[in-house]
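Structure first, then comments.
In this note's numbering, the protein residues as written are 247 to 368.
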């Protein structure tokens, strides 16, 4: 089993519902799933407010396949090119750490990730 740590975020009007639904969905992807509380941050570029969380769990799914599964879920939840153009993010799920390797060092070092990562006991 590989340890996986995800950054999960949304900035749309119904972001709380999107985040709760994403965390529920992730319980079927990573086991056992641990997650931080939901917390608010401001966008790195722009003026929108995001709801964030960090989720951690284990999987046997290879990295590329897991990433594709997460991106398919984002699309199913409304993450389209039109939404990107409007800087609206219904749900964003990124693999920050996979099997001990930091895949997204920029995200890893940002407050939006570190807050949740510290909470769940990095």
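Cβ atoms here follow ideal geometry from the backbone N, Cα and C, with glycine treated the same way.
Exercise for the section: Excluding the 5 residues preceding and the 5 following residue 340 in the sequence, name in chain order all residues of the same chain whose CB lies nearer than 7 Å to its CB. Expected result: 252, 253, 350, 353
Problem - Any beta strand (DSSP E) of 3 or more consecutive residues that is wholly inside the segment 315-345 - result: Positions of the beta strand (DSSP E) runs, each at least 3 residues long and wholly inside the segment 315-345, are given as 338-344 in order along the chain.
Handout entry: Beta-carbon gap between residue 260 and residue 334 smaller than 8 Å
Key = no
Practice task
Could you check if residue 364 is buried or exposed, using at least 16 other CB atoms within 10 Å of its CB as the buried criterion?
Solution key: Around the beta carbon of residue 364, fewer than 16 other beta carbons lie within 10 angstroms, which makes this residue exposed.
Problem - Contact under 8 Å by Cβ, residue 362 with residue 267 - result: no
Problem - Limits of the alpha helix (DSSP H) - the one that residue 292 falls within - result: Unbroken run through residue 292: none, as it is neither H nor E.
Handout entry: Residue(s) in a DSSP beta bridge with residue 251
Key = 302, 343
Handout entry: Residue range of the unbroken alpha helix (DSSP H) whose run includes residue 362
Key = 357-365
Problem - Residue of 301, 337, 321 minimising C-alpha distance to residue 343 - result: 301
Practice task
Name, in chain order, the residues that DSSP records as bridge partners for residue 286.
Solution key: 297
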